[in-house]
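UniProt numbering puts the first residue of the sequence shown at 1, with every later residue one more than the last. Take a look at the structure below.
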Amino acid sequence: MAEASAEGVRLQKVLSQAGVASRRVAERMIRDGRVEVDGRIVTEQGTRVDPDASVIRVDGARVVVDDELVYLALNKPVGMHSTMSDDQGRPCVGDLVEHRVRGNKKLFHVGRLDADTEGLILLTNDGELAHRLMHPSFEVPKTYLATVTGLVPKGLGKKMRAGIELDDGPVRVDDFAMVDTIPGRSLVKVTLHEGRKHIVRRLMDAVGYPVEALVRTDIGTVSLGEQRPGSLRALTRKEIGELYKAVGL
């Protein structure tokens, strides 16, 4: 971010260049006490900051000012492996992004999915954010839509919220809801912050309703929405800020 001098860059310019608002609107945000720098509310116009070192928040959400950082949402198709490269030559996430992201960004994938599971994976070169999103101590919830064999009874959600014992320990869901039924099958929504391998499939097997198809729809507040399998989109500034907030950055 040029214009940097020994004294730094004007805060309203940093906000403008980060895409938060025009300089005039950014000045109003500062005046209204909505902008925080390194944990302190700043209301003085013309305040200079170091955009490479300062932590800037607007309305509590962190503002990303490094234009080298990349934040993407991918809808991983069925049959694709959740790796950036595969030594066996199998199709993988890295194949999808190789020609779509300019330069060698060294992206991390957040949220591994089985090859036979579709859904949301986050891609970023922000190593600290990726690490925290994957670490179980931050308990970022993930939501799945599962097509299961059989008609799920009403009381199952309560049972799963109380906890189901698996061979490697108990698992509790944060939320469980019936979405739809078709002859011989149920569509259910499962939200949990567990990261164990095959956790949704193992959980549904354990309660007697094996998964036939599985899609991850949400990681934290980031949602797949209408994204088609294989499509990529950049996260919004609001989504990035909410991810930072979820993991205490």
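Here a beta-carbon is modelled for each residue, glycine too, at the ideal position from N, C-alpha and C.
Beta-carbon proximity list for residue i, same chain, < 7 Å, skipping 5 on both sides
i	result
HIS198	ASP114
ALA206	ILE164 and LEU166
ALA26	GLN12, LEU15, SER16 and VAL20
Beta-ladder partner(s) of residue i, from DSSP
i	result
TYR244	The partner list for TYR244 (beta bridge, DSSP) is empty, contrary to what the question assumes.
ILE199	Looking at the DSSP assignment, ILE199 forms no beta bridge with any residue, so it has no partner.
ASN125	DSSP output for ASN125 lists no bridge partner at all.
Of the residues the options, the one placed nearest residue i, counting alpha carbons only
i	options	result
LEU72	GLY241, THR236, GLY248 and LEU249	THR236
LYS159	THR147, GLY169 and ASP174	ASP174
GLY79	THR221, ALA234 and VAL215	VAL215
ASP168	ARG161, LEU203, THR191 and TYR244	LEU203
THR123	GLY111, ASP116 and ARG28	The identity of residue 123 in the sequence shown is Leu, whereas the question assumes Thr. When each option's Cα is compared against that of LEU123, the closest is GLY111.
ASN125	ILE240, VAL9 and VAL49	ILE240
Whole-angstrom C-beta distance between residue j and residue i, which should lie under 8 Å
i	j	result
THR43	ARG31	6 Å
LEU107	ILE219	15 Å between Cβ atoms; not a contact.
VAL247	VAL93	Contact flag wrong, Cβ pair sits at about 22 Å.
SER186	VAL211	Incorrect: roughly 11 Å between the Cβ atoms, too far for contact.
ALA53	THR147	Their Cβ separation, rounded to whole angstroms, is 48 Å, which puts ALA53 and THR147 out of contact at 8 Å.
LEU133	THR217	Going by Cβ atoms, the distance from LEU133 to THR217 rounds to 16 Å, so no, they are not a contact pair.
Exposed unless 16 or more other CB atoms sit within 10 angstroms - verdict on residue i
i	result
ARG62	buried
THR181	exposed
PRO51	buried
ASP87	exposed
ILE41	exposed
ASP116	exposed
ALA4	With a pLDDT of 43 at ALA4, under the threshold of 50, the predicted position of this residue should be treated as unreliable, and no value is reported.
Chain-order list of residues whose beta-carbon lies under 6 Å from that of residue i (same chain, five-residue window excluded)
i	result
SER223	none
ARG90	HIS81
LEU192	VAL173 and ASP174
Same chain only: Cβ atoms within 8 Å of residue i, ignoring 5 sequence neighbours per side
i	result
SER85	CYS92 and GLY94
PRO229	ASN75, LYS76, PRO77, VAL78 and GLU118
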